[in-house]
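See below for the structure under consideration.
In the UniProt record's numbering, the protein residues as written are 1 to 253.
Laid out in structure tokens, this is it:
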């Protein structure tokens, strides 16, 4: 995969090269869209759209996968007695509501945007077709992927990695709510937890660090697709991540 690097590769005990990707898939958590509450916070979505618009205007192709945790989480609904399949489909519909909100604010920023969904809903979105998504990106449009994988039991983290591979993205950008990178332990519980600037997928799996789904890590590792994990808080975190600044934790194969 094509990657623009600003310096040559370095040995293991030095910092890895700074990377400025050409095409990225950005994962946004649903909790961010709700501002910590159920539903959509328009001010939050507008701020996200402004950052994505800035990145788009700089010539970086951006596709987005949106979670639905501000509406429904299938696994949590299952714990309350719902059938997991039906609960997951409800979660997928929640992601589409977030997609439409982000599309609206992106187009208010003057950015052409397309929503593609894994579940057929022709009145509000295109069906997910990888080649069509690539074509939209090449034309300078932002593409937002909704409805997860269209199947239960698949998280949006896994879908993010899968979509990135299908559209030949250079990097996965994993924006996390409440944490600004990968830590040696949960920083909200362990005061001695240390933030890691660089780590491999294998090390994350061996240590059992919970940042994203293991399936997502495995897909990225097998296909040598780098992932940058960074915090959602801040007015410019997405812009800085796409610019190749040292932010969050870079995970590589």
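Every residue gets a Cβ at the ideal spot worked out from N, C-alpha and C, and that includes glycine.
None of these values were measured; they are calculated from a predicted model.
Check whether residue i and residue j have beta carbons under 8 Å apart
{"i": "residue 63", "j": "residue 165", "result": "no"}
{"i": "residue 242", "j": "residue 66", "result": "no"}
{"i": "residue 174", "j": "residue 227", "result": "yes"}
{"i": "residue 170", "j": "residue 22", "result": "yes"}
{"i": "residue 248", "j": "residue 192", "result": "no"}
Chain-order list of residues whose beta-carbon lies under 8 Å from that of residue i (same chain, five-residue window excluded)
{"i": "residue 116", "result": "125, 126, 127, 128, 129, 132, 133, 143, 144, 145, 146"}
{"i": "residue 42", "result": "101, 105"}
Contacting residues, own chain, Cβ-Cβ under 7 Å from residue i (five flanking each side not counted)
{"i": "residue 217", "result": "201, 204, 205"}
{"i": "residue 55", "result": "62, 238, 239, 242"}
Segment limits, alpha helix (DSSP H) that includes residue i
{"i": "residue 29", "result": "First-last for residue 29: undefined, no H or E at that position."}
Three-way DSSP call (helix, strand, coil) for residue i in this model
{"i": "residue 127", "result": "strand"}
{"i": "residue 52", "result": "helix"}
{"i": "residue 176", "result": "strand"}
{"i": "residue 80", "result": "coil"}
{"i": "residue 216", "result": "helix"}
{"i": "residue 108", "result": "helix"}
{"i": "residue 237", "result": "helix"}
{"i": "residue 64", "result": "strand"}
Residues of its chain near residue i, where Cβ-Cβ distance is below 6 Å and the 5 sequence neighbours each way are ignored
{"i": "residue 245", "result": "none"}
{"i": "residue 211", "result": "182, 229"}
{"i": "residue 194", "result": "184"}
Start and end residues, beta strand (DSSP E) containing residue i
{"i": "residue 265", "result": "The question about residue 265 has no answer, for the chain in this structure spans 1 to 253."}
{"i": "residue 200", "result": "198–200"}
{"i": "residue 40", "result": "Careful: residue 40 lies outside any beta strand (DSSP E) and carries neither H nor E."}
{"i": "residue 144", "result": "142–146"}
{"i": "residue 159", "result": "It is not in any beta strand (DSSP E) - residue 159 instead sits in the alpha helix (DSSP H) that spans 156–166."}
Expected contact under 8 Å - CB spacing of residue i and residue j to nearest Å
{"i": "residue 113", "j": "residue 123", "result": "That pair is no contact at about 17 Å."}
{"i": "residue 47", "j": "residue 235", "result": "7 Å"}
{"i": "residue 198", "j": "residue 250", "result": "5 Å"}
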